[in-house]
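**Q** Quick note on our numbering: the sequence shown kicks off at 124 and runs consecutively.
Each residue gets a CB set at the ideal place from its N, CA and C atoms; glycine is no exception.
Structure in structure tokens, see below.
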Amino acid sequence: MRVGLLTGGGDCPGLNAVIRAVVRKGEVTFNDEIVGFLDGWRGVIENTTMMLDVERCRGILPRGGTILGTSRTNPYKLDGAMGKLLQTLRAQRIDALVAMGGEDTLGVAEKLSSDEGVSMVGVPKTIDNDLSATDFTFGFDTAVQIATEAIDRLHTTAESHDRVIVCEVMGRHAGWIATYAGIAGGAAEILIPEEPFDIDLVCRKLKARHAKGRFASIVVVAEGALPVEGTMAVVSGEVDQFGHPRLGGIANLLASEIESRTGFETRVTILGHIQRGGTPTAFDRVLATRFGIAAIDAVHDRAFGQMVALRGNDIVRVPLKAAVSELKTVDSALYHGVAEYFFS
Ligand code: F6P
Numbered sequence: 124m125r126v127g128l129l130t131g132g133g134d135c136p137g138l139n140a141v142i143r144a145v146v147r148k149g150e151v152t153f154n155d156e157i158v159g160f161l162d163g164w165r166g167v168i169e170n171t172t173m174m175l176d177v178e179r180c181r182g183i184l185p186r187g188g189t190i191l192g193t194s195r196t197n198p199y200k201l202d203g204a205m206g207k208l209l210q211t212l213r214a215q216r217i218d219a220l221v222a223m224g225g226e227d228t229l230g231v232a233e234k235l236s237s238d239e240g241v242s243m244v245g246v247p248k249t250i251d252n253d254l255s256a257t258d259f260t261f262g263f264d265t266a267v268q269i270a271t272e273a274i275d276r277l278h279t280t281a282e283s284h285d286r287v288i289v290c291e292v293m294g295r296h297a298g299w300i301a302t303y304a305g306i307a308g309g310a311a312e313i314l315i316p317e318e319p320f321d322i323d324l325v326c327r328k329l330k331a332r333h334a335k336g337r338f339a340s341i342v343v344v345a346e347g348a349l350p351v352e353g354t355m356a357v358v359s360g361e362v363d364q365f366g367h368p369r370l371g372g373i374a375n376l377l378a379s380e381i382e383s384r385t386g387f388e389t390r391v392t393i394l395g396h397i398q399r400g401g402t403p404t405a406f407d408r409v410l411a412t413r414f415g416i417a418a419i420d421a422v423h424d425r426a427f428g429q430m431v432a433l434r435g436n437d438i439v440r441v442p443l444k445a446a447v448s449e450l451k452t453v454d455s456a457l458y459h460g461v462a463e464y465f466f467s
């Protein structure tokens, strides 16, 4: 078969491991030709490609990013793009297309499958871990590891100076990274989009903690966290082709509120894209490799309109629709179960 492959949305550690696995099994077992489309859906619209084979994929397993490039291009938002995209698939004689992405990229894949009859297989990718129908996405473990290491480092400097440090991590709609890294790093407070925060309560808890003689506190905040009253502006106004605002900056607002309300010296660290860059953890490399093998198997089983997913320790297939219909938010029992004993 001639199989197309693309990576869309924000990049994510482990993408190259998936590419390598699809290519390895596709070439060795099925004698496939693998056509890589460059920069997500843009490559399919513009017919920009790179042929992929085992030789081309040597050495990419531990590399972060994606050798195919990525973009947030949405073919449904660009005039005439859908016609060009379908024309490319015909011109390239693509029998099946494997799309690696999060809710946006896989949302397009789902529509192409159900509305246009394109033979699609999805692979779930996002550091945010907010895709339904899979227990975990690859990239999340790496992001949590990076954020946890950063929090560990912030502890020692915060303790030396008796400071509060607000550490902002990614997660615009779901606070998975904040929750996992905050728990792993022993944060005093974890603020996530799913649990609007009361700034008064946060400050009271920090004061009570400091009154007990613990002067340094790390507050982990997801970029999409919001105060209960909705008083702090957090959106820059700029949106991408999928309508998502560019976030980043809640930590600064929070830190100045904390400092003025408590009198504690407060500093800010925004981890930003450091969480997405660099080499994937062993867990993510293994998960990505398993997803890649399962994706090319799904292509040859003609399991189109499906996404490979992790359930427990098994790789399964689920309808693309199940993956993109709603966001997977942080389990409230997990958050509150830990909050009760460890936050502030
Ligand atoms: O979707 C993954 C993600 O890393 C989000 O957590 C974050 O809000 C966004 O991408 C940042 O996007 P960009 O790379 O376009 O700045």
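Just to check, is the beta-carbon of residue 346 closer than 7 Å to a non-hydrogen atom of the ligand NAD?
**A** In the structure shown, the ligand NAD is absent; the only ligands present are the ligand F6P.
**Q** Is the beta carbon of residue 155 closer than 8 Å to that of residue 124?
**A** The count along the sequence shown starts at 1 and reaches residue 124 at position 1. The count along the sequence shown starts at 1 and reaches residue 155 at position 32. In this structure, residue 155 lies closer than 8 Å to residue 124 by Cβ.
**Q** Could you check the C-alpha separation between residue 295 and residue 349 for me, to the nearest Å?
**A** If you number the sequence shown from 1, residue 295 lands on position 172. If you number the sequence shown from 1, residue 349 lands on position 226. Near 10 Å, if we compare the C-alpha coordinates of residue 349 and residue 295.
**Q** Leaving out the 5 sequence neighbours to the left and right, which residues in its chain are closer than 7 Å to residue 270 when beta-carbon positions are compared?
**A** As a first step, residue 270 is located in the sequence shown; it is residue number 147 there, counting from the start. Closer than 7 Å at the Cβ level, and outside the excluded window around residue 270, lie 292, 300, 304, 394, 398.
**Q** Kindly indicate if chain B contains any beta-carbon less than 8 Å away from that of residue 152.
**A** In the displayed structure, chain B is absent; only one protein chain is listed.
**Q** Measure the beta-carbon distance from residue 134 to residue 189 and round it to whole angstroms, keeping in mind my assumption that it falls under 8 Å.
**A** Indexing the sequence shown from 1 puts residue 134 at position 11. Indexing the sequence shown from 1 puts residue 189 at position 66. Confirmed, about 5 Å.
**Q** Helix, strand or coil for residue 238, going by three-state DSSP, please let me know.
**A** Numbered from its first residue, the sequence shown carries residue 238 at position 115. Looking at residue 238 - three-state DSSP - the assignment turns out to be helix.
**Q** Whole angstroms is fine: what's the gap from residue 289's alpha carbon to residue 392's?
**A** Translated into positions along the sequence shown, residue 289 becomes position 166. Translated into positions along the sequence shown, residue 392 becomes position 269. Taking the straight line from one Cα to the other gives about 6 Å.
**Q** For residue 178, is the classification buried or exposed, using 16 other Cβ atoms within 10 angstroms of its Cβ as the cut-off for buried?
**A** Your numbering for residue 178 matches position 55 in the sequence shown. So residue 178 ends up on the exposed side.
**Q** With hydrogens ignored, establish whether the beta-carbon of residue 293 is closer than 7 Å to any heavy atom of the ligand F6P.
**A** Within the sequence shown, numbered from 1, the residue matching residue 293 stands at position 170. Yes, the ligand F6P has a heavy atom inside 7 Å of this Cβ.
**Q** Enumerated in chain order, which unbroken segments of the beta strand (DSSP E) with a length of 3 residues or greater are wholly contained in the segment 289-317?
**A** Here the runs fully enclosed are 312-314.
**Q** Could you pull out every unbroken beta strand (DSSP E) segment of at least 3 residues lying fully inside the segment 346-423, listed in chain order?
**A** Complete beta strand (DSSP E) runs here, min 3: 389-393.
**Q** Do residue 407 and the ligand F6P come close, with the Cβ less than 7 Å from some heavy atom?
**A** Working through the sequence shown from its first residue, we reach residue 407 at position 284. No.
**Q** Would you kindly check if the distance between the Cβ of residue 151 and the Cβ of residue 127 is under 8 Å?
**A** The sequence position of residue 127 within the sequence shown is 4, counting from 1. The sequence position of residue 151 within the sequence shown is 28, counting from 1. No.
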